[in-house]
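Numbering (my numbering), first residue to last: 73 to 184.
Cβ coordinates follow ideal geometry from the N, Cα and C atoms, glycine included.
Worksheet: the structure to be examined is printed underneath.
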């Protein structure tokens with residue numbers, strides 16, 4: 073995984089598998105990344121597998137974003153990430169974009 077900052081937005085790029093073995097590491101990175109941001113973009117297009125623990129993390133992040141007041145957008149255009157989101161109906165809860173650029177354009181801007 074890698075994280076980049078674009079102004080007040082954090083972009084988290086995930087690679088490989090998001091499952092029981094990696095979800096805690098990703099959750100810690102998300103917590104660190106959202107400490108002082110206006111929005112978080114999570115790029116799932118590098119994933120080869122998205123397990124139920126990863127889906128659960130995304131659902132919790134959606135709730136946390138609402139409670140804490142930061143924007144959350146998910147990038148998923150590849151079947152490995154998009155299909156599990158569709159099967160579980162998380163695609164109706166999360167805002168999903170096909171590219172990181174599309175997600176960034178859709179987010180409101182804050183100074184900084």
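Close beta carbons around residue i, own chain, < 8 angstroms, minus the five adjacent residues each side
i           : result
residue 178 : 145, 167, 169
residue 249 : Since the first residue of the chain shown is 73 and the last is 184, residue 249 is not available in this structure.
Continuous alpha helix (DSSP H) stretch holding residue i: start and end
i           : result
residue 126 : 124-140
Chain-order list of residues whose beta-carbon lies under 7 angstroms from that of residue i (same chain, five-residue window excluded)
i           : result
residue 183 : Note that residue 183 scores a pLDDT of 38, beneath 50, so its modelled location is shaky and nothing firm can be said.
residue 134 : 144, 165, 166
Closest by C-alpha distance to residue i, when choosing among the options
i           : options           : result
residue 120 : 97, 176, 85, 104  : 85
residue 151 : 126, 116, 75, 180 : 116
residue 155 : 96, 102, 122      : 122
residue 186 : 124, 103, 94      : Because the chain here runs from 73 to 184, residue 186 falls outside it and cannot be looked at.
residue 141 : 129, 147, 180     : 180
Opening and closing residue of the beta strand (DSSP E) in which residue i lies
i          : result
residue 75 : 74-78
Beta-carbon proximity check, residue i vs residue j, cutoff 7 angstroms
i           : j           : result
residue 107 : residue 82  : no
residue 126 : residue 87  : no
residue 110 : residue 80  : yes
residue 113 : residue 175 : yes
_Entirely enclosed beta strand (DSSP E) segments - the segment 91-127, minimum 3 residues_ = 111-122
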